[in-house]
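Residue numbers (full-length UniProt numbering): 1 to 101.
Heads up, the beta-carbon is just placed ideally off N, CA and C, and yes, glycines get one too.
Quantities reported herein were computed from a predicted structural model and do not represent experimental measurements.
Have a look at the structure below before the remarks.
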């Protein structure tokens, strides 16, 4: 998603990702190719999934089955966006961050 090395002298990628999302800088760290290929809901969904996967508590992390199901849902969101319109209303409180225009 970011095309960065997982670990550098300064910090690891997980910490960098979490810090960037909390600072509302998600769209500054995502690789340009990924930004062009995904839509806003997909990118936010993947970022939210990544944050869940990075949870320090193993019990709070999603299972691989849950990860696969969520990724499939995000793919379908791109293919059939009208199916998810009602779901977007339910998620109106969720706003991970917005791209800088």
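Proximity to residue i [Cα-Cα], best of the options
i	options	result
residue 45	11, 21, 32 and 15	21
residue 51	77, 37, 11 and 26	26
residue 64	53, 74 and 37	53
residue 77	60, 40 and 24	40
6 Å CB neighbourhood of residue i in its chain, flanking five on each side removed
i	result
residue 72	none
residue 49	70
residue 101	At residue 101 the pLDDT is 42, less than 50, meaning the model places this residue with poor confidence and gives no usable figure here.
Cβ separation of residue i and residue j, assumed to be a contact under 8 Å, to the nearest whole Å
i	j	result
residue 13	residue 42	No, residue 13 and residue 42 are not in contact; Cβ-Cβ is about 20 Å, not under 8 Å.
Close beta carbons around residue i, own chain, < 7 Å, minus the five adjacent residues each side
i	result
residue 55	61
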